[in-house]
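Everything below concerns the one structure shown next.
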Amino acid sequence: MAPEVFTRVAALIEEINQHTATTAPEVEAFRIKYLGSKNILKPLMGEMRNIPNEEKRAFGQLVNKAKQTAQDKFDALQAATAEQAGAVAGTGLDLTAPAEALPLGSRHPIALTMRRIISIFGRIGFTVAEGPEIEDDWHNFSAMNTPEDHPARDMQDTFYVGENMPAGPKNTDMLLRTHTSSVQARTMENEPPPIRIIAPGRVYRNETISARSHAQFHQVEGLYVAEKVSFADMKATLLHFAREMYGDQTKIRLRPSYFPFTEPSAEMDIWWGLETEHDYRITKGTGWLEILGCGMVDPQVLINCGIDPEIYSGYAFGMGIERQAMLLYNITDIRLMFENDVRFLRQFSSVL
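Letter by letter, the sequence shown follows residues 73 to 424 of our numbering.
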């Protein structure tokens, strides 16, 4: 029976025959391994002393066959690689040239603005909460203290969903959420105070599409519920937001307003100025620009969500993200944000 070393040499010959290489560095690696000064075939001749005399001739011939096979394989691989390089050269391609830079995508102005708002509130302890866009009447309206006869429940303002459109508002109705306040309701139901969240997301209202309004848009609403939360806490938080968003010299004012889920309620304006014709137009000649609504959470809302208003209080606020984006980037038509016009989107390719 042939010694084990015969089997090893035969295996090496098979390995050489099966070897593939498609680039010059791979061919060079093959040469070093099988034909170089320290190739793996050279030690085989040292095995000759262990071979019986009657088999030495056969073993020498087998080792020589392995060396010749390696040389023939190297020559074939080298020729094939040279031929391939010549074919590429014939096309005029320079494989050493640096590749062209890939075109950069653009972040959408809504995404840019949303990320900026989340970052501002995130730095002062607010976490992001999310909820479904298809919501039930309870979380969208009833839990937020919206009366049964409130105009917002009417089908002229709300998109109801289902096989049969409802004749009127019912607690079992399903609808496209009209605000992200529903996320606040779900959070208060499932988490004990203290609660400090913001709820960004898409909302829907049955409105006429124009340069200033759309049937779909984005909101970010905030909620803070804990012991001894005051209106002054809310004002300080919103002043911080306004100065982070629009500059450290930004001035704000709070005007009394009404929302079903907050009491007292207010609308917050920032001083925009009256330096240009555009300033006069967007502020209606006042210099003040409304950016959000806010107020102290109505005790009934806390009760609806299982929180004791005798122990806890809180504030809430909400703003349209599109409106913030239009102010930041001087966009005059909200419809541009939903039409996917690449000429519009490319303007934001360098905005991080």
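Built from N, CA and C at the ideal position, the CB exists for glycine as well. Model, not experiment: these values are computed from the prediction.
{"Check": "Rounded C-alpha distance that separates residue 282 from residue 183", "Outcome": "21 Å"}
{"Check": "Inter-residue Cα distance where the pair is residue 450 and residue 97", "Outcome": "Since the first and last residues shown for the chain are 73 and 424, residue 450 lies out of range."}
{"Check": "N- and C-terminal bounds of the beta strand (DSSP E) containing residue 321", "Outcome": "First-last for residue 321: undefined, no H or E at that position."}
{"Check": "Of the listed residues 205, 331, 246, 150, nearest to residue 276 (C-alpha basis)", "Outcome": "205"}
{"Check": "7 Å Cβ cutoff met for residue 339 and residue 362", "Outcome": "yes"}
{"Check": "Residue 392 versus residue 290 - alpha carbon distance", "Outcome": "6 Å"}
{"Check": "Neighbourhood of residue 351 by C-beta, 8 Å cutoff - its chain only, sequence neighbours within 5 removed", "Outcome": "344, 345, 359"}
{"Check": "Where residue 207 falls, given that 16 or more other Cβ within 10 Å makes a residue buried", "Outcome": "buried"}
{"Check": "Backbone CA spacing between residue 151 and residue 112 [nearest angstrom]", "Outcome": "23 Å"}
{"Check": "Status (buried if at least 16 other CB within 10 Å, exposed otherwise) for residue 415", "Outcome": "exposed"}
{"Check": "Residues sharing a beta bridge with residue 366, DSSP", "Outcome": "338, 389"}
{"Check": "Inter-residue spacing [alpha-carbon to alpha-carbon] between residue 395 and residue 376", "Outcome": "31 Å"}
{"Check": "Own chain residues within Cβ distance below 7 Å of residue 139, not counting five before or after", "Outcome": "113"}
{"Check": "Of the residues 145, 407, 89, 389, the one placed nearest residue 365, counting alpha carbons only", "Outcome": "389"}
{"Check": "As assigned by DSSP and simplified to three states, the class of residue 205", "Outcome": "coil"}
{"Check": "Status (buried if at least 16 other CB within 10 Å, exposed otherwise) for residue 191", "Outcome": "exposed"}
{"Check": "Nearest to residue 331 (by Cα), restricted to the options 410, 217, 287, 254", "Outcome": "217"}
{"Check": "Status (buried if at least 16 other CB within 10 Å, exposed otherwise) for residue 174", "Outcome": "exposed"}
{"Check": "Reduced DSSP secondary structure (H/G/I, E/B, other) of residue 91", "Outcome": "coil"}
{"Check": "7 Å Cβ cutoff met for residue 420 and residue 178", "Outcome": "yes"}
{"Check": "Collapsed DSSP secondary structure at residue 183 in the structure displayed", "Outcome": "helix"}
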